[in-house]
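Below is one structure; the comments refer to it alone.
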């Protein structure tokens with residue numbers, strides 16, 4: 003039983019690390035994404051909010067789909 007707690011801890015830590023790296027990559031890529039679709043997020047702040055909300059909802063959906 004004791005060895006399983008380390009497996010659970012390592013899997014949880016690895017999953018959290020991967021999610022934080024993915025969020026960081028998306029945040030770094032946001033200017034290029036908005037240039038690609040020709041939208042200035044600072045004139046219409048709602049586009050920036052919807053993009054960040056969409057990424058966040060993706061992670062929530064992935065998290066709850068594994069349960």
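Residue numbers (this note's numbering): 3 to 69. The beta-carbon is built from N, C-alpha and C at its ideal position, and this holds for glycine as well. Values in this document were obtained by computation on a predicted structure and should not be read as measured data.
message: On a Cα-Cα basis, can you pick out the residue from 59, 53 and 17 that is closest to residue 36?
response: Out of 59, 53 and 17, 53 has the C-alpha closest to the C-alpha of residue 36.
- prompt: Since residue 25 contacts residue 57 with CB under 8 Å, what's their CB separation in whole angstroms?
  reply: Going by Cβ atoms, the distance from residue 25 to residue 57 rounds to 7 Å, so yes, they are a contact pair.
Helix, strand or coil at residue 35 [DSSP, three-state]: Of the three classes helix, strand and coil, the one that applies to residue 35 here is helix, per DSSP.
field: Start-to-end residues for the alpha helix (DSSP H) that takes in residue 40
entry: Secondary structure note for residue 40: it is in no alpha helix (DSSP H), with a DSSP letter that is neither H nor E.
task: Please report the residue range of the alpha helix (DSSP H) in which residue 44 lies.
output: It is not in any alpha helix (DSSP H) - residue 44 carries neither H nor E in the DSSP assignment.
task: Report the rounded CA-to-CA distance for residue 47 versus residue 31, giving the unit in angstroms.
output: Cα to Cα, residue 47 sits roughly 17 Å from residue 31.
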